[in-house]
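Numbering (full-length UniProt numbering), first residue to last: 1 to 259.
C-beta: ideal position from N, C-alpha, C; glycine also.
Just so it is clear, the structure is predicted and the values come from calculations on it, not from any experiment.
Encoded as structure tokens, the structure appears first; notes follow it.
This is how it looks when you write it as structure tokens:
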């Protein structure tokens, strides 16, 4: 059973940063948000320029997070989606997961500058999405944005199994990801990482040096692939709940519930 990193349980106010990467995972590969840590500020500039905030706000709106709920943002990157949650629901208890330590440190600085967490809390955890930083049945809502299409199917299945484990009965997952292949091929991150990514797997990121239409795992989303993934993991009611275009590429929102 996966346990929370020390200090991540409970609802203490403020912003906290933890490393949950096991020693045997220290060299585990992942796609970083930016090619160099010093470039990380440009990530948020690109995110703003590409209006990724619209996607984040739509994701929070679709999720329907209630006051006081525990939320896990898988692939939080520099924290844009997590911060959007806390702006909309200030007393939410939010955990952001990402393997990129530089991105997490930037997320923490942004949150502290904005005094996020004075009512709720934000915990930022360095780790991977096939070992989510939460006890069994402890999370009300899991979010993931523009990440799943970078993940091989075997890793997707492990992530989905972890979703079923950490969600409380009646809890939900909301995933925003690229629609099936063949609907466009522009880059959604330019030369770097644009928007909010999963970051929880070794390639659970939407790095900008990867073209949207060229990603080899995007075809897994075809014909309701995300819905099948969640259903096969034991979640119920998996369905498409929204659709939009981001950087000339279709994005679909899928939601499911733990019975």
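inquiry  = If you reduce the DSSP assignment to three classes, tell me which class residue 98 lands in.
reply    = As a working mapping, residue 98 is identified with position 98 in the chain shown. Strand at residue 98.
ask   = Where do the N-terminal and C-terminal ends of the beta strand (DSSP E) with residue 154 fall, by residue?
value = By 1-based counting over the chain shown, the position of residue 154 is 154. Not the beta strand (DSSP E): residue 154 falls in the alpha helix (DSSP H), residues 153-166.
Sequence-distant residues of its chain with Cβ nearer than 6 Å to residue 259 (five each side left out) = To locate residue 259, count along the chain shown from 1; it is residue 259. Result list for residue 259: 236, in chain order.
inquiry  = Please identify the residue among 241, 229, 176 and 112 whose C-alpha is closest to the C-alpha of residue 75.
reply    = Walking along the chain shown from the start, residue 75 turns up at place 75. Closest by alpha carbon: 176.
query = Are the beta-carbon atoms of residue 96 and residue 124 separated by less than 8 Å?
reply = On the chain shown, residue 96 is found 96 positions in, with the first residue counted as 1. On the chain shown, residue 124 is found 124 positions in, with the first residue counted as 1. Cβ atoms of residue 96 and residue 124: closer than 8 Å.
ask   = Would a C-beta distance cut-off of 8 Å place residue 20 and residue 90 closer than the cut-off?
value = In the chain shown, counting from the first residue as 1, residue 20 sits at position 20. In the chain shown, counting from the first residue as 1, residue 90 sits at position 90. It is not a contact, given that the beta carbons lie outside the stated cut-off.
key: Presumed contact (8 Å Cβ cut-off) between residue 103 and residue 78, rounded CB distance   = Here residue 103 corresponds to residue number 103 of the chain shown, with the count starting at 1. Here residue 78 corresponds to residue number 78 of the chain shown, with the count starting at 1. With 8 Å as the limit, residue 103 and residue 78 qualify as a contact, their Cβ atoms being about 5 Å apart.
For residue 160, the nearest candidate out of 70, 146, 142 and 105 (CA to CA) = For the purposes of this step, residue 160 is taken as residue 160 along the chain shown, with counting starting at 1. Checking every option, the nearest Cα to that of residue 160 belongs to 142.
task = Out of 17, 165, 127 and 63, point me to the one whose CA is closest to residue 111's CA.
result = Within the chain shown, residue 111 is the residue found at index 111, counting from 1. Closest by alpha carbon: 17.
key: Closest Cα partner of residue 254 within the set 71, 65, 232 and 225   = Within the chain shown, the letter at position 254 stands for residue 254. Nearest C-alpha to residue 254: 225.
key: DSSP three-state assignment for residue 225, whether helix, strand or coil   = To locate residue 225, count along the chain shown from 1; it is residue 225. The answer is helix: DSSP assigns residue 225 an H, G or I state.
query = By how many angstroms is the C-alpha of residue 65 removed from the C-alpha of residue 138?
reply = Taking the chain shown and counting its residues from 1, one reaches residue 138 at position 138. Taking the chain shown and counting its residues from 1, one reaches residue 65 at position 65. The straight-line gap from Cα to Cα measures roughly 15 Å.
message = Checking 8 Å against the spacing of the C-beta atoms, do residue 273 and residue 144 come in under that value?
response = In the structure as shown, the chain begins at 1 and stops at 259. Residue 273 is therefore absent and cannot be evaluated.
task = Could you pull the start and end residues of the beta strand (DSSP E) that residue 72 belongs to?
result = Looking up residue 72 in the chain shown gives position 72. Taken as a continuous stretch (DSSP letters only), the beta strand (DSSP E) holding residue 72 covers 70-74.
ask   = Ends of the alpha helix (DSSP H) at residue 87?
value = Sequence index remark: in the chain shown, residue 87 carries index 87 (1-based). Counting along the chain, the alpha helix (DSSP H) containing residue 87 begins and ends at 80-88.
key: Residue span of the beta strand (DSSP E) that contains residue 130, given as start and end   = Here residue 130 refers to the residue found at position 130 when the chain shown is read from its first residue. Here residue 130 belongs to no beta strand (DSSP E), and DSSP marks it neither H nor E.
query = Is it right to say residue 195 is buried, meaning 16 or more other beta carbons lie within 10 angstroms of its own, or is it exposed?
reply = For the purposes of this step, residue 195 is taken as residue 195 along the chain shown, with counting starting at 1. Unreliable placement is indicated for residue 195, whose pLDDT of 35 sits below 50; the coordinate value is still reported in the next sentence. Per the 10 Å Cβ criterion, buried.
ask   = Where do the ends of the beta strand (DSSP E) carrying residue 244 lie?
value = Here the question's residue 244 lines up with position 244 in the chain shown. Residue 244 -> beta strand (DSSP E) spans 236-246.
request  = Let me know the secondary structure DSSP gives residue 23 once reduced to three states.
outcome  = Within the chain shown, the letter at position 23 stands for residue 23. Helix at residue 23.
ask   = With respect to the beta strand (DSSP E) encompassing residue 256, which residues constitute its N-terminal and C-terminal limits?
value = Taking the chain shown and counting its residues from 1, one reaches residue 256 at position 256. Per DSSP, residue 256 belongs to the beta strand (DSSP E) from 249-257.
query = Since residue 138 is in the beta strand (DSSP E), which residue starts that stretch and which ends it?
reply = One-based indexing of the chain shown puts residue 138 at position 138. Note, residue 138: premise wrong, no beta strand (DSSP E); not H, not E.
task = Verify whether the separation of the beta carbon atoms of residue 131 and residue 155 is less than 8 Å.
result = On the chain shown, position 131 is the one that residue 131 refers to. On the chain shown, position 155 is the one that residue 155 refers to. Against a cut-off of 8 Å, the Cβ pair of residue 155 and residue 131 comes out as no contact.
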